[in-house]
Amino acid sequence: KTFPAYDPRSGEVIAHVAQGDQEDINRAVSAARKAFDEGPWPKMTPYV
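Counting from 1, one number per residue, gives the positions in the sequence shown under full-length UniProt numbering.
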């Protein structure tokens with residue numbers, strides 16, 4: 001399922017965006033948490 005995204009100036013539809021639900025959000029958050037915890041991020045040092 002999608003919904004339209006409008007150009008605020010012209011009112012023209014510029015895209016159709018996928019509409020997610022709670023399950024989609026939970027999967028995305030879980031994937032991000034796993035990538036952060038198990039990926040290269042926790043081992044990296046800040047670049048100053």
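Even for Gly, the Cβ is constructed at its ideal location relative to N, Cα and C.
Q: Can you give me the Cβ contacts of Gln19 inside the same chain, cut-off strictly under 8 Å, excluding the 5 residues immediately before and after it?
A: Residue 19 sits at position 19 when you count from the first residue of the sequence shown. Taking C-beta separations shorter than 8 Å and ignoring five residues to either side along the sequence, the partners of Gln19 in its chain run Lys1, Thr2, Phe3, following chain order.
Q) Which residue comes first and which comes last in the alpha helix (DSSP H) that contains Val29? A) To locate residue 29, count along the sequence shown from 1; it is residue 29. Per DSSP, the continuous alpha helix (DSSP H) segment holding Val29 begins and ends at 22 to 38.
**Q.** Short Cβ contact (8 Å threshold) for Ala15 with Ala28
**A.** For the purposes of this step, residue 15 is identified with residue 15 of the sequence shown, where counting begins at 1. For the purposes of this step, residue 28 is identified with residue 28 of the sequence shown, where counting begins at 1. Taking 8 Å as the Cβ cut-off, Ala15 and Ala28 do not qualify as a contacting pair.
(Q) Per DSSP, what are the beta-bridge partners of Val48 in this structure? (A) To locate residue 48, count along the sequence shown from 1; it is residue 48. Within the DSSP bridge table, the entry for Val48 names no partner.
Q. Going by DSSP, what residues sit across from Pro42 in a beta bridge?
A. One-based indexing of the sequence shown puts residue 42 at position 42. The partner list for Pro42 (beta bridge, DSSP) is empty, contrary to what the question assumes.
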